[in-house]
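In the numbering used here, the protein residues as written are 26 to 239.
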C-alpha cells in the first residue's frame with residue numbers, strides 16, 4: 026500500500042476529483058477543545074483547583090482510558106479522590122462540565138458543508154470519551170446529522186495514532202484509502218492515517234480550511 030500524501034503541503038486548494046470521502050477529527054476541527062479555558066470557567070477564581078484539574082484530569086493518566094472506553098467518569102472520580110483528597114463531586118464537575126462549554130469551530134463546519142455539497146461522503150475519526158461523545162452528539166445533533174458515520178475511539182477501543190484504528194475506519198466505512206482525505210489538528214494522527222494509505226490534512230492554523238476547501 027502506498028503512503029498517503031499531505032494535501033495541505035501538496036495543493037493550494039482541494040483537488041475534488043481525487044477524493045470520494047473526507048474524514049474529520051472532532052477536537053479543534055469541528056468542536057473547540059480548550060482545557061485551560063474550561064477549568065477557568067468551571068472553577069472560577071480558584072487557581073489551585075484549575076491547575077489541579079488540568080494536571081490530574083485533562084492531563085492525567087485516566088484520560089486515555091476514557092478515550093479508549095475502558096474507564097468511566099465515576100470510577101476515575103473515586104480513584105482521584107482517594108489519591109488526592111478532593112471530593113468526587115469536584116472531579117465529576119470537571120469530567121462532565123467541560124462538554125457543556127464546548128462550542129463549534131465554524132471553519133470546520135464550513136469545510137464539511139462544502140465537502141457535502143461537492144458530493145463527498147463524510148465521516149468522523151476521533152479520540153473521544155463515551156459519555157462526552159454521547160452528550161456532544163445530543164447537544165449538536167443537527168450539525169452531526171451531516172455525517173455518514175465514522176469511528177470513535179471509546180466505541181472501537183482503539184486510539185489514534187495506533188494503526189488499528191485507521192484499519193477499523195477503512196473497514197467499517199468501506200473506504201478506499203487512496204480516495205480518502207483525513208483532517209486532524211495533531212500531526213501524529215495525520216501521519217498515522219497516511220501510513221495507512223489515507224491522504225492527510227494537518228489543520229494547524231486558523232483559516233486553513235477556509236482557504237483550501239473552495
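Beta carbons: idealized from backbone N, C-alpha and C, even for Gly.
(1) Give the straight-line distance between the Cα atoms of residue 168 and residue 131, rounded to the nearest whole angstrom.
(2) Which whole-angstrom value describes the C-beta separation of residue 222 and residue 29, a residue pair presumed to lie in contact below a C-beta threshold of 8 Å?
(3) For residue 209, list the residues DSSP reports as bridge partners.
(4) I need the boundaries of the beta strand (DSSP E) containing residue 151, first residue and last residue.
(5) Where does residue 194 land, buried or exposed, given buried means 16+ other C-beta within 10 angstroms?
(6) Can you find a CB in chain C that lies within less than 7 Å of the CB of residue 135?
(7) Return the CA-CA distance between residue 51 and residue 110, expressed in angstroms with no decimal places.
(8) Is it true that the segment 145-164 meets the segment 91-105, where meeting means three or more beta-carbon pairs spaced less than 8 Å apart?
(9) Just list the residues that DSSP pairs residue 52 with in beta bridges.
(10) Given 8 Å as the limit, is there contact between the segment 180-192 and the segment 211-221, that is, 3 or more CB pairs closer than that?
(11) Do residue 83 and residue 75 have their beta-carbon atoms positioned less than 7 Å apart in this structure?
(12) Do you know offhand how far residue 97's Cα is from residue 201's?
(13) Taking all protein chains shown into account, do 16 or more other C-beta atoms lie within 10 angstroms of the C-beta of residue 146, making it buried, or fewer, making it exposed?
(14) Taking just the CA atoms, how far does residue 180 sit from residue 224?
(15) From the DSSP secondary-structure annotation, give me the bridge partner or partners of residue 31.
(16) Leaving out five residues before and five after residue 192 in sequence, what residues of the same chain have Cβ atoms less than 7 Å from its Cβ?
(17) DSSP state of residue 239, grouped into three classes?
(18) Is the beta carbon of residue 106 less than 7 Å from the beta carbon of residue 113?
Answer, in terms of the structure:
(1) 11 Å
(2) 5 Å
(3) 227
(4) 146-151
(5) buried
(6) Here chain C cannot be found, since the structure has a single protein chain.
(7) 33 Å
(8) yes
(9) 56
(10) yes
(11) no
(12) 34 Å
(13) buried
(14) 24 Å
(15) 225
(16) 221
(17) coil
(18) yes
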